[in-house]
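K.L.:
Numbering (our numbering), first residue to last: 257 to 600. Where is the CB? At the ideal position from N, CA and C, for every residue including glycine.
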């Protein structure tokens, strides 16, 4: 079953992003460079079997493809546009799955058809007419099934993570989740870990997030002032780790390029606060686990926030085939590559 990883608060440029990357601080041995800067509104990331990087841009209604080339990345291609808030993307068996607001569509054999992409086939109709947290995150689990998160309001198919098999049969996998904008499976235990973002307007530092207790309990310790009366937080599963504002994409590190100590650590894109003063987030953070306990939570890459000005906003992270870590930035319309070289 699912384990709530981390709970996060919702909170909230100029020039080419590559010129500003010198401002990003990283642990010794790590470096960051521009992977691609012609990706307006870059949000979610997913790799195809042939190394193509797919990028979702929900505000633009587009899906981009960045083909892999021997000498680096290829030209950015638009493989779909005029979609309805496309957010979550996932790849399996040659097909790209895209979550729109009310349905999931599929682009078959897409890596062999990047120059002439097919029209999308409807894979699953979510049957949803409205959701304030309407951005659906998609990932395939170790069981080969497709998982999709659906945020508030808390009606039949809201505030849940659905699990859908490739035949189109769906079930509610987890509920009482306000809005999970990122999740992944532990590489060894195959247990689902997810981020849950809490509601706004409860003060500068509250809540840092939400867990299975939505809409009654926030971050495992704060009863909702409206719906939480008579529902103590002790009756719900507590989060493993509280996070910074607007934590979105997350991945366990499964590559071999980083030092071995980084294996199975969780990397999280913290998009940053929108209504908090002073601002927080705008960074990549890292959580180190011991079993199912979070023993260390720290910044890994930061510098997109300079004083009170944020020149970039990380959204998602993805482990590349070569073991580097890619980061999307919707403010700059860019994707960055973080790599490790010990100099030997």
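Note down, in chain order, each residue of its chain lying with its Cβ closer than 6 Å to the Cβ of residue 396, except the 5 sequence neighbours on either side.
P.N.:
Residue 396 sits at position 140 when you count from the first residue of the chain shown. Hits under 6 Å: 346, 348, 402.
K.L.:
Mind listing, in chain order, the continuous alpha helix (DSSP H) runs of no fewer than 4 residues lying wholly within the segment 425-450?
P.N.:
As far as the segment 425-450 is concerned, it has no whole alpha helix (DSSP H) run of at least 4 residues.
K.L.:
Taking all protein chains shown into account, do 16 or more other C-beta atoms lie within 10 angstroms of the C-beta of residue 308, making it buried, or fewer, making it exposed?
P.N.:
The count along the chain shown starts at 1 and reaches residue 308 at position 52. The residue in question, residue 308, is buried, as its Cβ has 16 or more Cβ neighbours within 10 Å.
K.L.:
Using three-state DSSP, classify residue 366 as helix, strand or coil.
P.N.:
Start at 1 with the first residue of the chain shown, and residue 366 comes out as number 110. Three-state DSSP puts residue 366 in a helix.
K.L.:
Hey, residue 342 and residue 355 are a contact pair by Cβ (cut 8 Å); roughly how many whole angstroms apart?
P.N.:
Start at 1 with the first residue of the chain shown, and residue 342 comes out as number 86. Start at 1 with the first residue of the chain shown, and residue 355 comes out as number 99. Right, the Cβ-Cβ distance comes to about 7 Å (below 8 Å), so this counts as a contact.
K.L.:
Can you tell me which of 423, 305, 439 puts its alpha carbon nearest to the alpha carbon of residue 404?
P.N.:
As a working note, residue 404 is residue 148 in the chain shown. Of 423, 305, 439, the residue nearest in Cα terms is 439.
K.L.:
Is there contact between the segment 544-553 and the segment 588-595, where contact requires at least three CB pairs shorter than 8 Å?
P.N.:
In short, these stretches do not touch, since the Cβ pair count stays below three.
K.L.:
Could you check how far apart the C-beta atoms of residue 570 and residue 303 are, in whole angstroms? I think they sit under 8 Å.
P.N.:
For this step, residue 570 is matched to residue 314 along the chain shown. For this step, residue 303 is matched to residue 47 along the chain shown. In fact, because the Cβ distance is near 18 Å, the residues do not count as touching under 8 Å.
K.L.:
Closest to residue 425 by CA distance: which of 523, 382, 432 is it?
P.N.:
Here residue 425 is taken as the residue at index 169 of the chain shown, counted from 1. Of the listed residues, the one whose Cα sits closest to residue 425 is 382.
K.L.:
When you compare the CB positions of residue 575 and residue 540, do they come within less than 8 Å of one another, or not?
P.N.:
Residue numbering aside, residue 575 sits at position 319 when the chain shown is read from its first letter. Residue numbering aside, residue 540 sits at position 284 when the chain shown is read from its first letter. No, Cβ-Cβ distance for residue 575 and residue 540 is not below 8 Å.
K.L.:
Less than 6 Å between C-beta atoms, sequence neighbours within five positions excluded: which residues of the same chain meet that for residue 366?
P.N.:
Position 110 of the chain shown, counted from the start, is the residue given in the question as residue 366. Within the same chain, residue 366 has close Cβ partners 352.
K.L.:
Is residue 537 near the ligand ADP, in the sense that its beta carbon is under 7 Å from a heavy atom of that ligand?
P.N.:
No copy of the ligand ADP occurs in the structure displayed, which carries no ligand at all.
K.L.:
Who are residue 603's beta bridge partners in DSSP?
P.N.:
Outside the modelled stretch of the chain, which goes from 257 to 600, sits residue 603, for which no answer is possible.
K.L.:
Taking its Cβ as the centre, do 16 or more other Cβ atoms sit within 10 Å of residue 526, making it buried, or is it exposed?
P.N.:
The count along the chain shown starts at 1 and reaches residue 526 at position 270. Classification of residue 526: buried, given that the 10 Å Cβ count is 16 or more.
K.L.:
In its own chain, which residues sit with a C-beta less than 7 Å from the C-beta of residue 224, not counting the 5 before and 5 after it?
P.N.:
Any property of residue 224 remains undetermined from this structure, which presents the chain solely from 257 to 600.
K.L.:
Label residue 338 either buried or exposed according to how many other C-beta atoms from any shown protein chain fall within 10 Å of its C-beta, with 16 as the threshold for buried.
P.N.:
Working through the chain shown from its first residue, we reach residue 338 at position 82. Exposed: under 16 other Cβ atoms inside 10 Å.
K.L.:
Where do the N-terminal and C-terminal ends of the beta strand (DSSP E) with residue 518 fall, by residue?
P.N.:
Counted from its first residue, the chain shown places residue 518 at position 262. That residue, residue 518, is in no beta strand (DSSP E); it is neither H nor E in DSSP.
K.L.:
Quick check on residue 300: buried or exposed, where buried means 16 or more other Cβ atoms within 10 Å of its Cβ?
P.N.:
Within the chain shown, the letter at position 44 stands for residue 300. Classification for residue 300: buried.
K.L.:
Provide the residue span of the beta strand (DSSP E) that contains residue 292, from first to last.
P.N.:
Position 36 of the chain shown, counted from the start, is the residue given in the question as residue 292. Unbroken beta strand (DSSP E) run through residue 292: 286-292.
K.L.:
For residue 511, which residues in the same chain have their Cβ closer than 6 Å to its Cβ, ignoring the five residues on either side in sequence?
P.N.:
Taking the chain shown and counting its residues from 1, one reaches residue 511 at position 255. Answer for residue 511: 575, 579, listed in chain order.
K.L.:
Between which residues of its own chain and residue 431 is the CB-CB distance below 7 Å, once the five residues before and five after are set aside?
P.N.:
As a position in the chain shown, residue 431 is number 175, starting the count at 1. Only 415, 416 meet the Cβ criterion.
K.L.:
Just to confirm, is the Cβ distance from residue 446 to residue 398 under 8 Å?
P.N.:
One-based indexing of the chain shown puts residue 446 at position 190. One-based indexing of the chain shown puts residue 398 at position 142. Yes, the pair counts as a contact, with Cβ atoms nearer than the cut-off.
K.L.:
Assuming residue 311 is part of the beta strand (DSSP E), what are its boundary residues?
P.N.:
Along the chain shown, read from residue 1 onward, the residue named residue 311 stands at position 55. Note, residue 311: beta strand (DSSP E), 309-313.
K.L.:
If you follow the beta strand (DSSP E) that residue 587 is part of, which residue opens it and which one closes it?
P.N.:
Your numbering for residue 587 matches position 331 in the chain shown. Where residue 587 is concerned, there is no enclosing beta strand (DSSP E), given that its DSSP letter is neither H nor E.
K.L.:
Round the Cβ separation of residue 336 and residue 363 to the nearest angstrom and send it over; I've been treating them as touching at under 8 Å.
P.N.:
Along the chain shown, read from residue 1 onward, the residue named residue 336 stands at position 80. Along the chain shown, read from residue 1 onward, the residue named residue 363 stands at position 107. With 8 Å as the limit, residue 336 and residue 363 qualify as a contact, their Cβ atoms being about 7 Å apart.
K.L.:
Please report how far the alpha carbon of residue 506 lies from the alpha carbon of residue 448, in whole angstroms.
P.N.:
Taking the first residue of the chain shown as 1, we reach residue 506 at position 250. Taking the first residue of the chain shown as 1, we reach residue 448 at position 192. Looking at the two C-alpha atoms, the distance is approximately 12 Å.
K.L.:
Taking DSSP as the reference, what is the three-state secondary structure of residue 273?
P.N.:
Your numbering for residue 273 matches position 17 in the chain shown. In this structure, residue 273 counts as helix in the three-state DSSP scheme.
K.L.:
Out of 518, 278, 435, 344, which one is the CA nearest neighbour of residue 552?
P.N.:
As a first step, residue 552 is located in the chain shown; it is residue number 296 there, counting from the start. Nearest option by C-alpha distance: 518.
K.L.:
Below 7 Å CB to CB, which residues in the same chain sit around residue 321 once its five sequence neighbours on both sides are set aside?
P.N.:
Taking the chain shown and counting its residues from 1, the one referred to as residue 321 is at position 65. Hits under 7 Å: 308, 310, 333, 335, 370.
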